[in-house]
Amino acid sequence: MATSSRRRRMGSSALILVLVALLIWAAHTIWIGQTMRLPAAVESSDADDNHQAPVVANSEADKPSTKKPSKNRLPGKPPKKEKPHKEKKGSTSIAASTRSSPSSIVATPVPAVVQGREAAVVQRRAYYEQASGEVFAPVAYLLIISNEDFLDGALVLGVSLKMNCPRIAAGTADLAIIITQGRVSRASQERLKKEAGFNKIFEVPSLATRAPGAYWKDTFDKIYMFNLTMYQKIVFMDADMINIRSMDALFDKNYGDSTYVGAIGFRGGAEGPYFQTGMMVIQPTREMFDKIYARFESGVPPKGNNYNHGMNGRDGVLLRDVFGDRFKMIDNKYSRNLNPRWPVPDYVVSLHLRGKIKPWFDRKLPNLDPELGKKEFGHPYVLFWDIYEEQIHKLGLEYQLALRKKPLPEPFGGTQAGPDISPLTHVWMMRYSKKEYVQLLTSEDKRRRNHTVPGLQYMTGQLNASCVEVCATQSMQCHHKALSFSHGQDCNVLLQAFPECVRCEAGVYWRPHPGSDYPGLDAGKKESVCKYNLLHDERGRPNCTARYETARRFCPCVPANSCPGASCDAAV
């Protein structure tokens, strides 16, 4: 009996131990689940909400593939979807759980927080580095793109930052970019890393679906940058910017606590304080991310409509609603939108290309909004193409392989590929999108325009005289096609023809003065400047009849009997 009693007591003790172990296991599981969750604001709280917020990826199948695109894909088509597999370093999914991918770190808070913001950031960074196997700098330059259409702009901005900002070269600032999941191909992501030097790529679910009626709905993905809490500070820049000089000083300024942003703006005005969101300095914290997302969620369907209609549907309206007057002024030299007719001043640090038509858009397409036209073709435009062609295209793999007459990894030009399209003569822009196109390199375009015709002479005219009138003074005709010949568009030639010129620069379209009288001399109020014609804007291409009150034309003239009929004046 005693033995039987002891056995019963032992059995009861074992059962109790098992129950205690199960309770400990359950509590531990719940704690881990809470630790790994996205913020409550990022998880859908309404079961019947058709526009669900980003959710945690719970399996390997939920993660985007990092496999390189197939070399045998059809020209112009995005790489086929491949079987998902583990993330590579350098591509981090903000939405995924750390339970399924150590590199999916941005949505996960650190289990404990020490006192003081700087110490907390150091701890978070160490935690993220241990979880992902990556190393993060204390601060970062950050861009955001939502599709392939802005990749070329991101490449140029990335390269310009890397060229001008010592912190990036020293490894004390990351060059980071947020991309929308499923909308930027793996081939393009490789270009961001290899051609522009981005060392951190974060992938996020699109928030645009939450605000389908918003005109700028893709800009809401900017919310995610406030959750990059491994960084003490982030200098955010729109992808349509070009860096001219170092931005590093922005990291050293005092912007107050994390409830403030650094931005360009003003505090007066009838509508109260205002700041721009195209270039900001932020101090990411989980609290601000939660606050901004909660405001966004309450202002889009099904809960509201504040940010889901027309021009009010954009990041700027949301962030100004959240921060109000809590911003520290940044000098506008860090993000200048210049009149394109004038060269870039020495004090400007970065240019912002806010025109409706970006420099990398196909210039052969018609400008459907002439009222916004003057912003697109000017000195920033020329600078963009200089960086893209010399620092990206000619240093890229395809150009280097073509120089050595080696096979290319894929047909160059996508849907525009052909036997006459080569990296040695063309650039391939807006790749893997419906808008992709090819165009001649500037040097190749100039070479192909290096023509002449029998009896051609160049003559300088008086103020406000057309080339028809200038040539007629010598009983000659203006040769329309020759207006685009390389000789007449050469700055050295123009400076010799007009000794009074103080410099030579691109002539730019302006509504009162479209520039169709260039090449020539512009005798402005302050100085005389020689101007060549970019030949990129159809509204400002040169013709024989153009005149302007402050312009002296440089005219290609041929003997009157050398052109049958009116062929000399006919557009080519």
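The UniProt record's numbering numbers the first residue of the sequence shown as 1 and each following residue consecutively. Glycine is no exception: its CB is placed at the ideal position from the N, C-alpha and C atoms.
Tell me, which residues are paired with residue i by DSSP?
i      : result
Gln236 : The residue you asked about is not Gln; residue 236 is Phe in the sequence shown. Answer by DSSP bridge pairing, in chain order: Leu142, Met280.
Gln457 : Cys557
Phe327 : Val261
Val427 : Gln439
Tyr532 : Ala506
Leu521 : Cys530, Arg552
Met476 : Pro559
Tyr274 : Phe266
Asn243 : Ser350
Arg336 : Leu351
His513 : Trp510
Gly310 : Ala214
Leu463 : Arg552
Ala173 : Val139
I'd like the list of long-range same chain contacts for residue i, defined as Cβ closer than 6 angstroms, with 5 residues on each side in sequence excluded.
i      : result
Arg37  : With a pLDDT of 32 at Arg37, under the threshold of 50, the predicted position of this residue should be treated as unreliable, though the coordinate-derived value follows. There are no such residues.
Gln457 : Cys557
Gly316 : Thr277
Met311 : Tyr215
For residue i, which residues of its own chain have a beta-carbon under 8 angstroms away from its beta-carbon, when the five flanking residues on both sides are left out?
i      : result
Ser433 : Asn147, Glu148, Asp149
Ile392 : Leu155, Val156, Val159, Glu195, Ala196
Pro380 : Ile242, Leu338, Pro340, Val344, Leu351, Leu353, Pro359
Cys501 : Leu494, Leu495, Leu521, Ser528, Val529, Cys530
Ala169 : Lys162
Thr172 : Ala137, Pro138, Val139
Gly324 : Pro273
Ile264 : Phe275, Gln276, Met279, Met329, Ile330, Asp331, Asn332, Tyr334, Ser335
Glu287 : Ser258
Asn164 : Asn243, Ile244, Arg245, Ser246, Met247
Val121 : Pro138, Thr229, Met230, Tyr231, Gln232
Can you list, in chain order, the residues of its chain whose CB lies under 7 angstroms from that of residue i, leaving out five sequence neighbours each side?
i      : result
Lys358 : Gly153, Asp240
Gln489 : Pro519, Tyr532, Asn533
Gly515 : Gly507, Val508, Tyr509, Asn533, Gly540
Glu389 : Val427, Leu441, Thr442
Ser298 : Gly304
Arg449 : Ser484, Phe485, Ser486
Lys291 : Val322
Val468 : Cys478, Cys544, Thr545
Please report the Cβ distance between residue i and residue j, rounded to the nearest whole angstrom; I am assuming they are in contact, meaning their Cβ atoms lie under 8 angstroms.
i           : j      : result
Val322      : Lys333 : In fact, because the Cβ distance is near 26 angstroms, the residues do not count as touching under 8 angstroms.
Phe296      : Tyr307 : 7 angstroms
Tyr293      : Ile223 : 6 angstroms
Phe327      : Val508 : At roughly 33 angstroms, the Cβ-Cβ gap does not stay under 8 angstroms, so Phe327 and Val508 are not in contact.
Arg363      : His536 : 5 angstroms
Ile178      : Met225 : 7 angstroms
Met476      : Pro559 : 6 angstroms
Phe498      : His451 : With a Cβ gap of about 23 angstroms, Phe498 and His451 do not count as contacting.
Leu228      : Thr277 : So it is not a contact: roughly 16 angstroms between Cβ atoms.
Leu403      : Thr425 : Contact doesn't hold; Cβ gap of about 12 angstroms is too wide.
residue 580 : Tyr255 : This structure cannot settle anything about residue 580, because the visible part of the chain is limited to 1 through 572.
Pro205      : Gln181 : 6 angstroms
Pro423      : Tyr399 : 4 angstroms
Pro301      : Asp248 : With 8 angstroms as the limit, Pro301 and Asp248 do not qualify as a contact, their Cβ atoms being about 42 angstroms apart.
Ala176      : Leu142 : 5 angstroms
Leu401      : Leu395 : Actually they do not touch by this definition, with Cβ atoms about 12 angstroms apart.
Cys544      : Cys478 : 4 angstroms
Val453      : Ala472 : The Cβ separation is near 18 angstroms, so there is no contact.
Gly413      : Val382 : About 24 angstroms; that fails the 8 angstroms criterion.
Inset, instruction - Ignoring anything shorter than 4 residues or poking outside the segment 176-229, list the alpha helix (DSSP H) runs there in chain order. - result: 186-194
Legend entry - Sufficient close CB pairs (3 or more, under 8 angstroms) joining the segment 460-480 to the segment 536-553: yes
Inset, instruction - Pair every Cβ in the segment 251-262 with every Cβ in the segment 212-224, then say whether three or more of these pairs are closer than 8 angstroms. - result: no
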